[in-house]
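S.K.: Take a look at this one; I'll ask things after.
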Ligand code: NDP
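Residue numbers (the working numbering): 7 to 262.
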């Protein structure tokens with residue numbers, strides 16, 4: 007193996023991951039390659055051993071995140087895999103780094119909308135790294151209930167006041183509103199949407215009209231990619247290098 011990486015998904019012609027990681031390698035002056043493996047779900051079982059043998063590491067995106075986690079026997083969400091089968095999810099830390107750089111450390115009453123893989127990673131990061139009071143609301147309550155812990159309260163209705171609301175649903179990808187009408191957004195200071203395309207979602211528009219500062223998920227995408235690189239390398243970048251990698255990836259995306 008010699009510096010070969012990729013993103014594994016299906017129907018992911020839109021992915022920005024090769025652009026981002028290639029920008030990192032250029033900035034780091036490393037002759038590494040980052041490609042795309044577009045594999046249908048029914049071929050994943052047979053292909054996973056090849057991917058582990060062929061690549062030094064790979065990212066996992068939809069619709070394979072849960073399947074790969076199961077196949078690797080990981081008891082946690084997975085978006086990053088090393089060739090020896092070690093895995094992690096860098097989504098949570100990617101979110102936290104980007105949110106914090108924009109708004110400061112999440113604090114007070116924080117509501118997570120959604121209960122899929124991304125919501126779980128965000129809840130885990132908030133639980134591990136902040137003192138925030140964490141709530142989760144999902145249109146399918148049973149999935150929110152599965153996220154309940156001594157730090158996470160699952161809500162049957164999104165009632166109450168919140169300092170911060172984080173949209174971890176995929177509503178908004180196609181222009182749908184993620185926040186139910188019954189959710190009171192007045193008084194919310196910060197609203198973060200994990201979605202990065204479109205750059206502005208109906209949730210962000212609604213939150214902004216209620217007075218919140220808003221941010222979309224492009225910075226999270228870049229920070230989770232930096233954290234994947236750190237996982238594969240087995241050590242963190244310095245703060246300076248991390249900042250440079252962030253800037254060069256954002257520049258590459260904006261010039262796309
Ligand atoms: P999942 O498919 O695992 O979860 C989707 C969630 O969205 C579920 O809770 C689902 O609710 C909810 N949902 C879907 N449609 C609607 C709707 N119309 N109204 C209300 N709720 C809805 O997806 P992921 O957790 O993997 O990803 C969620 C989002 O986060 C995606 O948009 C993804 O692009 C984004 N993301 C961004 C990243 C970044 O780096 N910026 C990284 C990872 C994800 P239910 O359970 O009821 O079906």
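We put the CB at the ideal spot given by N, CA and C, even for glycine.
Because the structure is a prediction, the values reported are computed rather than measured.
1. Rounded to the nearest angstrom, how far is the Cβ of residue 197 from that of residue 209, given a contact under 8 Å?
2. Cα-Cα, which of 65, 195, 179 is closest to residue 206?
3. Check whether the segment 112-124 touches the segment 139-159, counting contact only when three or more Cβ pairs, one atom from each stretch, lie closer than 8 Å.
4. Residue 10 to residue 80, Cα distance in whole Å?
5. Whole angstroms is fine: what's the gap from residue 211's alpha carbon to residue 90's?
6. What is the rounded straight-line gap between the Cα of residue 14 and the Cα of residue 162?
7. Please state whether the Cβ-Cβ distance between residue 221 and residue 129 is less than 8 Å.
8. Give, in chain order, every unbroken run of the beta strand (DSSP E) that is at least 3 residues long and sits entirely within the segment 143-196.
9. Is the beta carbon of residue 255 less than 8 Å from the beta carbon of residue 30?
10. How would you write the range of the beta strand (DSSP E) that residue 71 sits in, first residue to last?
11. Can we count residue 2 as close to the ligand NDP, meaning its CB is less than 7 Å from some heavy atom?
12. Work out the CA separation of residue 49 and residue 159 for me, nearest whole Å.
13. Give the single residue among 170, 44, 147 whose Cα lies nearest to the Cα of residue 23.
14. Hey, could you find the ends of the alpha helix (DSSP H) residue 26 is sitting in?
15. Reducing DSSP to helix, strand and coil, say where residue 51 ends up.
16. If you compare alpha carbons, which of 182, 262, 53, 27 is closest to residue 201?
17. Once the 5 residues before and after residue 47 are set aside, which same chain residues still bring their CB inside 8 Å of it?
18. Which residue from 174, 57, 88 puts its Cα closest to that of residue 235?
19. Please report the Cβ distance between residue 264 and residue 115, rounded to the nearest whole angstrom; I am assuming they are in contact, meaning their Cβ atoms lie under 8 Å.
20. Alpha carbon to alpha carbon, how far is residue 63 from residue 244? Give it in angstroms, no decimals.
21. What does the Cβ neighbour count give for residue 246, buried or exposed, with the cut at 16 atoms within 10 Å?
22. Of the choices 213, 167, 251, 189, whose alpha-carbon is the least far from that of residue 229?
23. With DSSP as the reference, please indicate the residues paired to residue 118 in a beta bridge.
24. Determine whether the beta carbon atoms of residue 27 and residue 231 lie at a separation below 8 Å.
25. Going by alpha carbons, who is nearest to residue 60 out of 40, 76, 77?
26. Quick check on DSSP: helix, strand or coil for residue 92?
M.R.: Taking the geometry as given:
1. Contact flag correct, Cβ pair sits at about 7 Å.
2. Comparing Cα-Cα distances from residue 206 to each of 65, 195, 179, the minimum goes to 179.
3. In short, these stretches touch, since the Cβ pair count reaches three.
4. If you take the alpha carbons of residue 10 and residue 80, they lie about 23 Å apart.
5. Rounded to whole angstroms, the separation of the alpha carbons of residue 90 and residue 211 is 44 Å.
6. Roughly 35 Å between the two C-alpha positions.
7. In terms of Cβ geometry, residue 221 and residue 129 do not form a close pair [threshold 8 Å].
8. The qualifying runs are 158-161, 170-173.
9. The answer is yes: Cβ separation under 8 Å.
10. In the DSSP annotation of this structure, residue 71 is not part of any beta strand (DSSP E); the continuous alpha helix (DSSP H) holding it starts and ends at 71-77.
11. As displayed, the chain neither begins before 7 nor continues past 262, which places residue 2 out of reach and without an answer.
12. The alpha-carbon atoms of residue 159 and residue 49 are separated by roughly 38 Å.
13. If we check each option's Cα against that of residue 23, 44 comes out closest.
14. Counting along the chain, residue 26 sits inside the alpha helix (DSSP H) bounded by residues 23-34.
15. Secondary structure of residue 51 (DSSP, three-state): helix.
16. Residue 201 has its Cα closest to that of 182, out of 182, 262, 53, 27.
17. Taken in chain order, the residues that qualify are 16, 69, 70, 73.
18. The alpha carbon of residue 235 has as its nearest neighbour, out of 174, 57, 88, the alpha carbon of 88.
19. With the chain represented from 7 up to 262, any question about residue 264 goes unanswered, as that position is not in the structure.
20. Whole-angstrom Cα-Cα distance: 21 Å.
21. Residue 246 counts as exposed, since fewer than 16 other C-beta atoms from the protein chains shown sit within 10 angstroms of its C-beta.
22. Cα-wise, what sits closest to residue 229 is 251.
23. Per DSSP, 142, 172.
24. Cβ atoms of residue 27 and residue 231: closer than 8 Å.
25. Looking at the Cα atoms, 40 is the closest of the given residues.
26. Three-state DSSP puts residue 92 in coil, outside helix and strand.
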